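Step one of this worksheet: look at the structure below.
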Amino acid sequence: MGQNSEPDEPAMSVSKKYAGLPDLDAAPEVYETPDLADDVSTAQTGTLRTLSPDPSDEGDNENLDRHHLDRDGARRRFEPSVVDARGVDFSDSIGGPHRSYRTRSSRRRRRIQENGAEELGDLSDSEDETLSRKLARLKREAEEVRLELERREHEKDAEGDSDDKRTHRQHGAADDDEAVADLDDVEQLSKLLDTLSTKTKSNMNATAETEFLSRLESQSRLRHRPGQQHVDTSDQNASDERQQQDNQRTDPSSISALPAVAAFSDRLSALEAALGVSSTSLDSQQKTSILPTLQNLSSQISTLSSVLGQQDPQSGRTTTTMTTSAPLLDSVSSKLRTLIAEADRLTRARKEAMQSLIELHEKRMGQLVSASVHTNTRPRRGLSNASAAINLGGAGGAAESGAAADLTPASGPGDESLQIQSRLFLEEQSAKITALYQLLPSIQNLQPLLPVVLERLRTLSVVHAGAADAKNNLDAVEKRQAEMRDEIRQWRDAVESVEKGMADLEDAMKGNVQLVGDMVSSLERRVESLQHSNS
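Take the sequence shown: its letters are residues 2 to 536, numbered as in the numbering used here.
Rendered as structure tokens:
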């Protein structure tokens, strides 16, 4: 018996690794095989035959189905099924089921040809498919076409950004041809759908403007369709133009829609000319249009009609119809009344100030006149009262009237100077009052800013106070740092002096140790000499 055993090193490593596990056999594995005989050959000399008691495969067992597979029936059963395996993930990852392949199946019409062969129709030729199902299927397939076009566009962008340009150049021509063919098919399908939509709208009594707008929208979709920028050859453009012209010549709906389109264009041009808007040039947008003027006029007319709306004496109702602007007009009228009252109050205050100034001037002039009369009627030195009375009595009634006339303010040059001074004072005061009243509008205009300015001043005062406190604290900190710096310097000096003293003491100690060591060694030598002498 041959025995084959594995080396001991793996067993040792296994035993070390799984030493803590129970029921583990660390013994080497032994395989027993029979001895190889010399006369026995392992080569196959003939075919293997089954030892079947019945040489025939056809038996009487009813459980076995011995019918052949109907391939035509299986083909008819599974041929309508369509499997989409693009972008499918067949790996064992967790997200694999989200990217599995999709299958679609639908019944098709069967056509029997002349030779007896059976032919399946298209997927859209379902016998029991209703109009709603067809519309749903068309929507779904249109969405799939759109997604496919977007996917191709993204792939083209990714290939354009990649570094491998040679492969892209090699396969670029074939891909471009295929893309052009697909885009042509999509364009034809879009035209067909637009024609169907136009017919549907015409059946629903749609106007020519709606039809024209739908055509414009379809043309804009075709212009902004992705992938159209790659088709830029002149031959293809010429062929497309010829094809469009042929379609327009052969399409009766387009021929019948031309007069309606022309009429709509004329109406649109007239409307743009009336509104002052032009779609041909950008310079016309800078001109003054009629829309802002109409808006301003309408707002002014509505305001005037609401303000000036008078009440009808017969019906007791107002003629204005602007009920929505009543709160605004009430607020405006209240503000106007407040402003009028303020203006009246300022006018009265100004008149009162002028009247008080005039009264003050009259009082001052009266005081000056009384003082001048008192100085003029004072008796002269060397004359008696009797002589003064005689002189006054001899004058008679005419003298009394003359004396009364002499007491007027304009009887001397001093009175004229007083009048000039009073007039100058009055003019100065009136100029000051006028300047003050001239400054009142500017002060009133600045009145809304005063709370904000005061609040900012208060904030600035708080900021300045905080800055002053911070400066004081900073000065205190700097002073404390200077004191600590002085203390640190003193401590450093003290430590240096202590270190110096320690070094001196260490030197002295070393000298003392050396001296004591010399003394001890000399003493030991003497003791040894004494011991030798005694021995």
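For each residue, glycine too, the CB sits at the ideal point set by N, CA and C. No experiment lies behind these values; they were computed from the predicted model shown.
Below 8 angstroms, too few C-beta pairs join the stretch 441-459 and the stretch 354-367 to call them touching: fewer than three. According to DSSP, residue pairing for Val464 in a beta bridge does not occur. In this structure, the beta-carbon distance from Leu419 to Leu458 does not fall below 8 angstroms. Per the coordinates, the alpha-carbon of Ser335 lies some 27 angstroms from the alpha-carbon of Glu353. Residue state for Asp85 is assigned as strand, using DSSP reduced to three classes.
The beta carbons of His465 and Ser423 sit no closer together than 8 angstroms.
Counting the other Cβ atoms within 10 Å of the Cβ of Val84 gives fewer than 16, which makes it exposed. Between Tyr438 and Arg346, the C-beta gap is not smaller than 8 angstroms, which leaves the two residues out of contact. Using a Cβ distance threshold of 8 angstroms, Arg147 and Ala180 do not count as a contacting pair.
With 16 or more other Cβ atoms inside 10 Å of its own Cβ, Val187 counts as buried. The alpha-carbon separation between Leu425 and Leu440 amounts to approximately 23 angstroms. Judged by their CB atoms, Leu25 and Tyr32 are not nearer to each other than the 8 angstroms cut-off.
Under the DSSP assignment, Asp73 falls in the alpha helix (DSSP H) whose first and last residues are Arg72 to Phe79. Asp505 sits in a helix when the DSSP states are folded into three classes. Taking each of Leu150, Arg78 and Glu497 in turn and checking the Cα distance to Asp183, the smallest one comes out for Leu150. Gln448 carries a coil assignment under DSSP once its states are collapsed to helix, strand and coil.
Residue nearest to Leu193 within the set Thr304, Leu139 and Asn535 is Leu139 (criterion: CA-CA distance). Annotation: Val333 to Lys364 spans about 46 angstroms, alpha carbon to alpha carbon.
Cα atoms of Glu488 and Ser498: separation of roughly 15 angstroms, rounded to the nearest angstrom.
In this model, Leu70 and Arg134 are separated by some 35 angstroms (Cα to Cα).
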